[in-house]
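J.:
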Amino acid sequence: MNIVFFAHPTFLNQQSMQRFARMLTEGMKQRGHTVELWSPQARVLQLPSLPVMRKWLAYIDQYIVFPCEVRARLKNCSSDTLFVLTDNALGPYLPIVANRPHVIHCHDFLAQRSALGEIPENPTSWTGRNYQAYIRRGYSKGKRFIPISQKTKDDLSRMLPAPPLTWEVVYNGLNQPFTPSDPGAARTVLSKKFGIDLSAGYLLHVGGNIWYKNRLGVLEIYEAWRSTDQQNLPLLMIGEAPDAPLLTKQAASTFKADIHFLSGVDDEYVRLAYVGASVFLFPSLAEGFGWPIAEAMASGCPVITTNEAPMTEVAGKAGFLIPRRPNNPASVNDWANEAARVVKTILNLSPEKHKMVVACGLENSERFNPEKTLDRFEQLYQKIAKEDGLNTVQ
Numbered sequence: 006m007n008i009v010f011f012a013h014p015t016f017l018n019q020q021s022m023q024r025f026a027r028m029l030t031e032g033m034k035q036r037g038h039t040v041e042l043w044s045p046q047a048r049v050l051q052l053p054s055l056p057v058m059r060k061w062l063a064y065i066d067q068y069i070v071f072p073c074e075v076r077a078r079l080k081n082c083s084s085d086t087l088f089v090l091t092d093n094a095l096g097p098y099l100p101i102v103a104n105r106p107h108v109i110h111c112h113d114f115l116a117q118r119s120a121l122g123e124i125p126e127n128p129t130s131w132t133g134r135n136y137q138a139y140i141r142r143g144y145s146k147g148k149r150f151i152p153i154s155q156k157t158k159d160d161l162s163r164m165l166p167a168p169p170l171t172w173e174v175v176y177n178g179l180n181q182p183f184t185p186s187d188p189g190a191a192r193t194v195l196s197k198k199f200g201i202d203l204s205a206g207y208l209l210h211v212g213g214n215i216w217y218k219n220r221l222g223v224l225e226i227y228e229a230w231r232s233t234d235q236q237n238l239p240l241l242m243i244g245e246a247p248d249a250p251l252l253t254k255q256a257a258s259t260f261k262a263d264i265h266f267l268s269g270v271d272d273e274y275v276r277l278a279y280v281g282a283s284v285f286l287f288p289s290l291a292e293g294f295g296w297p298i299a300e301a302m303a304s305g306c307p308v309i310t311t312n313e314a315p316m317t318e319v320a321g322k323a324g325f326l327i328p329r330r331p332n333n334p335a336s337v338n339d340w341a342n343e344a345a346r347v348v349k350t351i352l353n354l355s356p357e358k359h360k361m362v363v364a365c366g367l368e369n370s371e372r373f374n375p376e377k378t379l380d381r382f383e384q385l386y387q388k389i390a391k392e393d394g395l396n397t398v399q
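Going by my numbering, the sequence shown opens with residue 6, and the numbers climb by one from there.
(1) Between which two residues does the alpha helix (DSSP H) holding Phe25 run?
(2) Per DSSP, what kind of secondary structure is Glu74 in: helix, strand or coil?
(3) With the cut-off set at 8 Å, would you say Ser283 and Tyr207 are in Cβ contact?
(4) So for Val363, helix, strand or coil by DSSP?
(5) Per DSSP, what are the beta-bridge partners of Asn312 in this structure?
(6) For the candidate residues Gln51, Ala190, Leu95 and Val223, whose alpha-carbon lies nearest to that of Phe150?
(7) Considering just the uninterrupted stretch of the alpha helix (DSSP H) at Glu392, what are its terminal residues?
(8) Would you kindly work out how many angstroms separate the C-alpha atoms of Ala47 and Asn338, rounded to a whole number?
(9) Residues in its own chain within less than 6 Å of Met242 by CB, not counting five upstream and five downstream?
(10) Would you be able to state if there are at least three C-beta pairs under 8 Å between the region 270-282 and the region 234-253?
(11) Rounding to the nearest angstrom, what Cα-Cα distance links Lys349 and Glu318 in this structure?
(12) Within this structure, are the beta carbons of Ser336 and Met316 separated by less than 8 Å?
(13) So what does DSSP say about Arg192, is it helix, strand or coil?
(14) Within the same chain, show all residues whose beta-carbon is closer than 6 Å to that of Val70, passing over the 5 residues directly before and after it, in chain order.
(15) For the beta strand (DSSP E) that contains Pro239, what are its first and last residues?
(16) Taking the C-alpha atoms as reference points, what is the distance between Thr129 and Ser119?
(17) When we look at the beta-carbon of Leu52 and count the other beta-carbons within 10 Å, is it buried (16 or more) or exposed?
(18) Our contact map puts Pro14 next to Ser54 with C-beta atoms below 8 Å; I'd like the distance itself, whole angstroms only.
(19) Could you spell out where the beta strand (DSSP E) holding Leu208 opens and where it closes?
(20) Is it right to say Arg142 is buried, meaning 16 or more other beta carbons lie within 10 angstroms of its own, or is it exposed?
(21) Tell me where the beta strand (DSSP E) around Glu41 begins and ends.
(22) Whole-angstrom Cβ separation of Leu17 and Thr91, contact assumed at under 8 Å?
(23) Let me confirm a value: Gln67 is counted as buried when at least 16 other C-beta atoms fall within 10 Å, else exposed. Which label applies?
(24) Any idea if Tyr386 is buried or exposed, counting beta-carbon neighbours within 10 angstroms, 16 or more meaning buried?
(25) Whole angstroms is fine: what's the gap from Pro72's alpha carbon to Arg36's?
(26) Assign Met302 to buried or exposed, taking buried as 16 or more other Cβ atoms, counted over all protein chains shown, within 10 Å of its Cβ.
(27) Quick check on DSSP: helix, strand or coil for Thr86?
(28) Using the rule of at least 16 other Cβ atoms within 10 Å of the residue's Cβ for burial, across every protein chain shown, is Trp296 buried or exposed?
(29) Look up Val9 in the DSSP assignment and give the residues it is bridged to.
(30) Can you tell me whether Thr233 is helix, strand or coil according to DSSP?
(31) In this structure, how does DSSP classify Thr184 when only helix, strand and coil are distinguished?
(32) Which residue's Cα is closest to the Cα of Leu221: Gln255, Ala205 and Tyr176?
(33) Applying the criterion that 16 or more other CB atoms from any shown protein chain within 10 Å of the CB defines a buried residue, is Arg276 buried or exposed?
(34) Mind reading off the beta-carbon distance from Asn180 to Arg24? Whole number of angstroms is fine, and I expect it under 8 Å.
(35) Would you tell me roughly how many angstroms separate the C-alpha atoms of Ile101 and Tyr176, rounded to the nearest one?
(36) What distance in whole Å lies between the Cβ atoms of Leu42 and Lys50, which are believed to be in contact at a cut-off of 8 Å?
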C-alpha cells in the first residue's frame, strides 16, 4: 500500500507529535508499505526578520507555501495512495485531499474546546479563536478518523457536522522502550548526572508548561505533602524550563531547595527517572491521552493522576486517582492536602503492597504495546483503503 503521512513541521519543535509521526512512518515501512512523509519546510521562515515576525512567517510556510507544494506533488502521486494526517491540528491540509482516500489521527481537542469557551483555565484570544475555527473547517471535511481515546472521540463527535464513516478508538503505543529495572541503580546514576542526592527516592513529574499539565498544581501537592509528612524526598520536574509563575511559586516555597527543574534531559535519563521515582505525579487538568501515565507504569513506578477521562482510561485500575484541581482559588489548599494524603499512602505502602501496585501498573501498560498499536493502525488503513477502492497489494 502507498501511504503519504502529513506531519507537523520540525521547526515547531513539537516533540511528541514528531515521535508519533516517526512511529507511524517507520512502523508502516517495516510492514512492507511504500511510505512518504510530507511536512512544511522553513522556506520563508529562513529569511532575515524581526523575532516578532517569525510566528507569521511560519504561518506562511505552513498555510501558503506548503499547500502549493502539496498540490504540485499530487500531480505525480499514485492514485492508489492513502493520505494520513498524523494530527487533527493539521486539518487545514485535509481539503486538498478530501476527495482522495484519507484518515485523520485525532489526539485532542483542547485548543478547539478552549476557543469555544469551554475551558475557563485557558481563555483564547480573538486571533486564536479564528485560527482554531480555520483548523476545524479543515478536518470537518474528513470522512475517516482514528481518535486516541474515548474522550477524544466524544469531543470529536461534537466538533463534526455529522458522524464520519470511520472513527474507531486506538490507544497510543509507547514510542520508547520503557521497562522496569533496579530503582536504586537508577537513582545512583541520576544522582551523579544531576548533582542531587536521590538515594532515598524522589517525587517526579514529566511535562511542559502548557496550561493543562498543571505544573503549579504539582508544586502545590508537593508543598502540602512536605508540610504534613516527616519524609523529605526531593521533587524532580522534568520538561521545559520553568516559566515565571513556576519560578515565583518555587521561590515562595519553604522547600524550594528540594524542588528541581530539569530541562533538556535526554530520553535515556527520562526513562531512568521513571524507574527511580518513588511516585509519579500527573495531576493534569485535561489530556488527549496522557503518555506519561503509561510510561511511568511501564517503568514500574506508582502513578497519581486526575480522576477524569482520558487519564482514567490510561491509568485503568492501576492508578491512584485524585480530583481535578479546582478553578476556585479558595478550594486549592483542600485539593492539595487531599492529594498529599494519597502521596503519603503510596510512600508508606508495605513492600508486598508496593510490589502489587507495580505489577498492576505493568499489566495495565501492556495495553499500550507499540507493535499491537501499529498492527491495529495497519488494519484500519487497509480497511479504509479497501472501502475506498484502493489497490492494497504491493
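Quick reminder that beta carbons are idealized off the backbone N, C-alpha and C, glycines included.
A quick note: this is a predicted structure, and the numbers were derived from the prediction, not measured.
T.: Walking through what the data contain:
(1) On the sequence shown, residue 25 is found 20 positions in, with the first residue counted as 1. Here the alpha helix (DSSP H) through Phe25 covers Gln20 to Gln35.
(2) The count along the sequence shown starts at 1 and reaches residue 74 at position 69. Helix, per DSSP.
(3) On the sequence shown, residue 283 is found 278 positions in, with the first residue counted as 1. On the sequence shown, residue 207 is found 202 positions in, with the first residue counted as 1. It is a contact, given that the beta carbons lie within the stated cut-off.
(4) Locating residue 363 in the sequence shown gives position 358, counting from the first residue. Three-state DSSP puts Val363 in a helix.
(5) Within the sequence shown, the letter at position 307 stands for residue 312. Per DSSP, Asn312 has no beta bridge partner at all.
(6) Locating residue 150 in the sequence shown gives position 145, where the first residue counts as 1. For the residues Gln51, Ala190, Leu95 and Val223, the minimum Cα distance to Phe150 belongs to Leu95.
(7) As a first step, residue 392 is located in the sequence shown; it is residue number 387 there, counting from the start. Pro375 to Glu392 is the span of the alpha helix (DSSP H), which, as asked, contains Glu392.
(8) The count along the sequence shown starts at 1 and reaches residue 47 at position 42. The count along the sequence shown starts at 1 and reaches residue 338 at position 333. Those two C-alpha atoms are separated by around 46 Å.
(9) By one-based count along the sequence shown, residue 242 stands at place 237. Cβ within range, chain order: His210 and Phe266.
(10) yes
(11) Locating residue 349 in the sequence shown gives position 344, counting from the first residue. Locating residue 318 in the sequence shown gives position 313, counting from the first residue. Roughly 24 Å between the two C-alpha positions.
(12) Here residue 336 refers to the residue found at position 331 of the sequence shown. Here residue 316 refers to the residue found at position 311 of the sequence shown. No, the Cβ-Cβ distance between Ser336 and Met316 is not below 8 Å.
(13) What you label residue 192 is simply residue 187 of the sequence shown in a count that begins at 1. Helix, per DSSP.
(14) In the sequence shown, the residue the question calls residue 70 occupies position 65. Cβ neighbours of Val70 beyond the five flanking positions: Arg48.
(15) Counting from 1 along the sequence shown, the entry for residue 239 is found at position 234. Element bounds for Pro239: n/a, residue is neither H nor E.
(16) As a position in the sequence shown, residue 129 is number 124, starting the count at 1. As a position in the sequence shown, residue 119 is number 114, starting the count at 1. Spanning the two alpha carbons is a distance of roughly 6 Å.
(17) Your numbering for residue 52 matches position 47 in the sequence shown. When all chains shown are included, Leu52 counts as exposed.
(18) Here the question's residue 14 lines up with position 9 in the sequence shown. Here the question's residue 54 lines up with position 49 in the sequence shown. Not a contact, Cβ separation roughly 17 Å.
(19) Translated into the one-based positions of the sequence shown, residue 208 becomes position 203. Leu208 -> beta strand (DSSP E) spans Leu208 to Val211.
(20) Within the sequence shown, numbered from 1, the residue matching residue 142 stands at position 137. So Arg142 ends up on the exposed side.
(21) The sequence position of residue 41 within the sequence shown is 36, counting from 1. Note, Glu41: beta strand (DSSP E), Thr39 to Trp43.
(22) Taking the first residue of the sequence shown as position 1, residue 17 is located at position 12. Taking the first residue of the sequence shown as position 1, residue 91 is located at position 86. Not a contact, Cβ separation roughly 13 Å.
(23) What you label residue 67 is simply residue 62 of the sequence shown in a count that begins at 1. Classified as buried, Gln67 has 16 or more neighbouring CB atoms from the shown chains inside 10 Å of its CB.
(24) In the sequence shown, the residue the question calls residue 386 occupies position 381. By the neighbour-count rule (16 or more Cβ atoms within 10 Å), Tyr386 is buried.
(25) By 1-based counting over the sequence shown, the position of residue 72 is 67. By 1-based counting over the sequence shown, the position of residue 36 is 31. If you take the alpha carbons of Pro72 and Arg36, they lie about 29 Å apart.
(26) The residue labelled residue 302 in the question sits at position 297 within the sequence shown. When all chains shown are included, Met302 counts as buried.
(27) Residue numbering aside, residue 86 sits at position 81 when the sequence shown is read from its first letter. Here Thr86 sits in strand by DSSP.
(28) Taking the first residue of the sequence shown as 1, we reach residue 296 at position 291. Classification for Trp296: buried.
(29) One-based indexing of the sequence shown puts residue 9 at position 4. Glu41 and Phe88.
(30) Numbered from 1 along the sequence shown, position 228 holds the residue referred to as residue 233. Helix.
(31) Looking up residue 184 in the sequence shown gives position 179. It is coil, neither helix nor strand.
(32) Here residue 221 refers to the residue found at position 216 when the sequence shown is read from its first residue. Comparing Cα positions, the closest option is Gln255.
(33) Reading the sequence shown from its first residue, position 271 is the one you call residue 276. With 16 or more Cβ atoms within 10 Å of its Cβ, Arg276 is classed as buried.
(34) The residue you call residue 180 lines up with position 175 of the sequence shown. The residue you call residue 24 lines up with position 19 of the sequence shown. 5 Å between Cβ atoms; contact.
(35) Sequence index remark: in the sequence shown, residue 101 carries index 96 (1-based). Sequence index remark: in the sequence shown, residue 176 carries index 171 (1-based). Whole-angstrom Cα-Cα distance: 28 Å.
(36) The count along the sequence shown starts at 1 and reaches residue 50 at position 45. The count along the sequence shown starts at 1 and reaches residue 42 at position 37. The sequence given here has Leu at residue 50, not Lys. Under the criterion of beta carbons closer than 8 Å, Leu50 and Leu42 do not qualify as touching, at roughly 19 Å.
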